[in-house]
Amino acid sequence: MESSQFIRIISVSLVILFLVFLVWWLQTDPTAGLDVSMEGADNRGAGVEAQEVEIGEYFKEFSTGYTELSEIWPRFRGLDFDNISKSPTKLIDDFGSTGPKILWTKDLGEGHSGAAIYKGLVYILDYDEEKRADLLRCYSLIDGKEMWVRGYGLNVKRNHGMSRTIPAITDDYILTMGPMCHVMCLDRETGELIWGLDVAGEYESEVPLWYTGQCPLIDGDQAIIASGGKSLMVAIDCETGEKVWETPNPEGWKMSHSSVIPFTFGGRKMYVYSAIGALAGVAADGDDAGKILWHTPVWNHSVVAPSPVCMPDGKIFMTAGYGAGAMMAQLSENNGQFSVEVLSKYPPRDGLACEQQTPLFWNGHLFGIVPKDGGPNRNQLVCVHPDDPQKMVWTSGTENRFGLGPYFMADGKLFILKDDGTLFIARPSTERYIELDQVKVIEDGHDAWAPFAIANGYLIMRDSKTLVCIDLNV
Amino acid sequence: MEDNSRSKNRREFIQSGMRLSLALALGSVSGLALSKVVKDEYVWQIDPFECTQCGRCATECVMTPSAVKCVHAYDLCGYCDLCGGYFKPDANQLSTAAENQLCPTAAIERRFIEEPYFEYIINEDLCIGCAKCVEGCTAFGNGSLHLQIIHDICLNCNECAIARVCPSNAIKRVKAENSYLIKGDFSKEQES
Chain A
806 MESSQFIRII SVSLVILFLV FLVWWLQTDP TAGLDVSMEG ADNRGAGVEA QEVEIGEYFK
866 EFSTGYTELS EIWPRFRGLD FDNISKSPTK LIDDFGSTGP KILWTKDLGE GHSGAAIYKG
926 LVYILDYDEE KRADLLRCYS LIDGKEMWVR GYGLNVKRNH GMSRTIPAIT DDYILTMGPM
986 CHVMCLDRET GELIWGLDVA GEYESEVPLW YTGQCPLIDG DQAIIASGGK SLMVAIDCET
1046 GEKVWETPNP EGWKMSHSSV IPFTFGGRKM YVYSAIGALA GVAADGDDAG KILWHTPVWN
1106 HSVVAPSPVC MPDGKIFMTA GYGAGAMMAQ LSENNGQFSV EVLSKYPPRD GLACEQQTPL
1166 FWNGHLFGIV PKDGGPNRNQ LVCVHPDDPQ KMVWTSGTEN RFGLGPYFMA DGKLFILKDD
1226 GTLFIARPST ERYIELDQVK VIEDGHDAWA PFAIANGYLI MRDSKTLVCI DLNV
Chain B
285 MEDNSRSKNR REFIQSGMRL SLALALGSVS GLALSKVVKD EYVWQIDPFE CTQCGRCATE
345 CVMTPSAVKC VHAYDLCGYC DLCGGYFKPD ANQLSTAAEN QLCPTAAIER RFIEEPYFEY
405 IINEDLCIGC AKCVEGCTAF GNGSLHLQII HDICLNCNEC AIARVCPSNA IKRVKAENSY
465 LIKGDFSKEQ ES
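As structure tokens, this is what we get:
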């Protein structure tokens, strides 16, 4: 065979081989053996069917006599929505050698609902696991004597606790919101039912994951509820139960665990609410009551528990857990028109952020406990200035880490509760963390997350199953 | 008579020999088993309370994929719909669609049990030990997902390549008889 013929055969063979390889390469799908992860592989159910609930059906009175006191802590974050007690009552600096003066304790259903206090009476919405019912319990503050309960049967499954909210109390009314968004309005003195509302049923809203944490609001004689679903927010006359106004919700924003915070800025009173979908301000009065005055969709996270912190200069601080971090926004008013500008938005490791509790605004600074995904500052109490919430003024240090529990101020002292039921007293400062004392209040405490309530020097706190009243009076 | 006696002795000798061999064999096996139990053999394991989910277990192990896998302490799990170990933060939907999953290899199977509970099962063959799920579960959940060195995969190197770079010194030698440090069975208090 001649060499040119040999070369030709080799060349043709190589071309054929190349073409065969090319066809094989084009035909082969390297991902053929992989399964595509598609929606629905978990066989998620169709959701629970709505339960027939007769709100307020159950009532039982145990006692009528109690010691009436002067002070109140009438709702979530107290009278001024700032979580700072203005009471002149002098409180202890430390627990001394005898430890905390625990006046009484009560076993509760697993949950994180907090108490409100009104002139010697403590109100807490409990989920009774035996009766399978949401029960508003009324206790005497001084001695823990149970006065009465009012509630309704409801099946709630354990899901990181069941109860989560704090009642709102005025001289005339009590307003509660249960885990499945059942609102109950009662006469404060007698506990008589005035009206009830199934928010999830009436407004076709979604009950937030792990049940709602929204604490209802009474403003004047109106109940203010952020419903999500067909309406964003609704105002209801407490006396009649009639709707006063409803805020349209064309974007379909959903209910979060956050609570509605009243705020007056630029000559307008408004309700600031962090829905799942946006942070918004709703007109609280005037002809356009219920209208959305401003909103920002920049703040849109799937789980939001803390409430907005509104500052006098129009700054609004929002934070949330599950990786959301925080946002500082600036509200502006011009000829009655409101606009909001996002000043900063950052992940939890880059500044002040909180997972469950709402930060404190005190002495021109913000205080909060950084969540577990907050990097080196995780679980530390930190202080920042609102002009730059990403720059730490101070942190409590690696040796002083806390959890998801509450913190508030009373008598110029900062009280912090750790998840395990350890209560800390610190001196509020914009310079450094100053711890005064600490004590384990609840042995084997677990998930002590409910906000504090205090009146006349009596502190109400709880872990997931035990309610405790401590006398902090000097 | 003499023949009979000799034959009997031979039989007895063989029987005795067999008994002795059997006793020796049983003794050897028992001795070996006993030595396995009492001998101070050590293996590498991760202390889940020290682990900081840095991700190096996936890349530093001499095995490919890593001998480190995620394990699930079911009695600590909250069976949540929104699981921080399964979903990316701020996932669009709480669904099994790939874009919502945190695990890069889809090694966690999510199964609906009943409202509002979901079960999460680790597919060990797919898990690469990257700890992304562990980080999510630790930050937002009960910390039921955690990493462990799986001993039928681990070569038990004299110098563990991961232990050498572990930033929190979470990988330590433990006795072979207690070769797993599973959360729930093992607690920080017990160790200290």
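Same order as they appear, the protein sequences are chains A and B.
Last residue of the first sequence: number 1279 in the numbering used here, and the count goes up by one each step with no gaps.
Last residue of the second sequence: number 476 in the numbering used here, and the count goes up by one each step with no gaps.
All C-beta atoms, glycine included, are put in the ideal place defined by N, C-alpha and C.
It should be emphasised that the depicted structure is a prediction, and the values quoted were computed from it without experimental measurement.
- Going by DSSP, Arg813(A) is part of the alpha helix (DSSP H) stretching over Ser808 to Gln832.
- By the neighbour-count definition (other C-beta atoms within 10 Å, threshold 16), Ala851(A) is an exposed residue.
- Taking a beta-carbon distance threshold of 9 Å, Leu360(B) does not count as an interface residue toward chain A.
- Annotation for Glu1007(A): no beta strand (DSSP E) segment contains it, though the alpha helix (DSSP H) segment containing it runs Val1004 to Glu1007.
- Here the C-alpha atom of Gln432(B) lies approximately 8 Å from the C-alpha atom of Ala351(B).
- Residue-level contact check: His1062(A) does not touch chain B, since none of the beta carbons of chain B fall below 9 Å from its beta carbon.
- With contact defined as three or more Cβ pairs closer than 8 Å, the segment 814 to 824 of chain A and the segment 371 to 386 of chain B are not in contact.
- Neighbours of Asp1178(A) in chain B, taken as residues whose beta carbon is under 7 Å from its own, are Ala423 in chain order.
- Inter-segment contact for the segment 1162 to 1171 of chain A and the segment 1110 to 1122 of chain A is present: three or more beta-carbon pairs are separated by less than 8 Å.
- At least 9 Å separates the beta-carbon of Asp992(A) from that of Ile974(A).
- By the Cβ test, the segment 888 to 900 of chain A is not in contact with the segment 1030 to 1041 of chain A, since fewer than three Cβ pairs between them sit closer than 8 Å.
- Gly420(B): member of the alpha helix (DSSP H) spanning Lys416 to Phe424, first to last residue.
- Residue pairing by DSSP puts Leu1165(A) in a beta bridge opposite Phe1172(A).
- Thr380(B) belongs to the set of residues whose beta carbon lies under 9 Å from a beta carbon in chain A.
- When DSSP assignments are scanned along the segment 1178 to 1255 of chain A, the uninterrupted stretches of beta strand (DSSP E) that are 3 or more residues long and fall wholly within it turn out to be 1186 to 1190, 1193 to 1200, 1212 to 1215, 1218 to 1222, 1227 to 1232 and 1239 to 1245.
- The beta carbon of Leu439(B) sits closer than 8 Å to those of Val346, Met347 and Ala351, all from its chain and outside the five residues before and after it, given in chain order.
- Tyr404(B) is the residue among Phe297(B), Tyr404(B), Pro388(B) and Gly301(B) whose C-alpha sits nearest the C-alpha of Ala846(A).
- For Glu443(B), the closest of Arg303(B), Tyr326(B), Ala317(B) and Ala415(B) by C-alpha to C-alpha distance is Tyr326(B).
- Residues of chain A with a Cβ closer than 7 Å to the Cβ of Glu399(B) are, in chain order, Gly850, Gly852 and Val853.
- Leu1171(A) sits close to Pro1191(A), with the two beta carbons spaced by under 9 Å.
- Taking a Cβ-Cβ cut-off of 7 Å, the neighbours of Ala390(B) in chain A comprise Ser842, given in sequence order.
- The continuous alpha helix (DSSP H) containing Thr343(B) extends over residues Arg340 to Glu344.
- In this structure Leu896(A) is in contact with Leu1277(A), their Cβ atoms being roughly 4 Å apart against a cut-off of 8 Å.
- Between Phe396(B) and chain A, the shortest Cβ-Cβ separation is below 9 Å.
- Ser1107(A) belongs to the set of residues whose beta carbon lies under 9 Å from a beta carbon in chain B.
- Scanning chain A for C-beta atoms nearer than 8 Å to the C-beta of Pro451(B) yields nothing, as the closest lies near 13 Å away.
- Here the alpha carbon of Lys962(A) sits roughly 9 Å from the alpha carbon of Glu399(B).
- DSSP places Ala1031(A) in the strand class (E or B) of the three-state scheme.
- Put simply, the segment 829 to 836 of chain A does not touch the segment 376 to 395 of chain B. Fewer than three CB pairs are less than 8 Å apart.
- Proximity to Arg942(A) across Val954(A), Trp1050(A) and Tyr932(A) peaks at Val954(A), based on C-alpha coordinates.
- In chain order, Gln337 place their CB closer than 7 Å to the CB of Glu419(B), counting only its own chain and leaving out the 5 sequence neighbours on each side.
- In the structure shown, Asn1278(A) adopts extended strand secondary structure according to DSSP, grouped into three states.
- DSSP, read as helix, strand or coil, puts Tyr1076(A) in strand.
- In this structure, DSSP gives Met952(A) an extended state, which the three-state scheme calls strand.
- About 5 Å separates the Cβ atoms of Phe1070(A) and Gly1119(A), confirming a contact at the 8 Å cut-off.
- Where Ala445(B) is concerned, the enclosing alpha helix (DSSP H) starts and stops at Ala445 to Val449.
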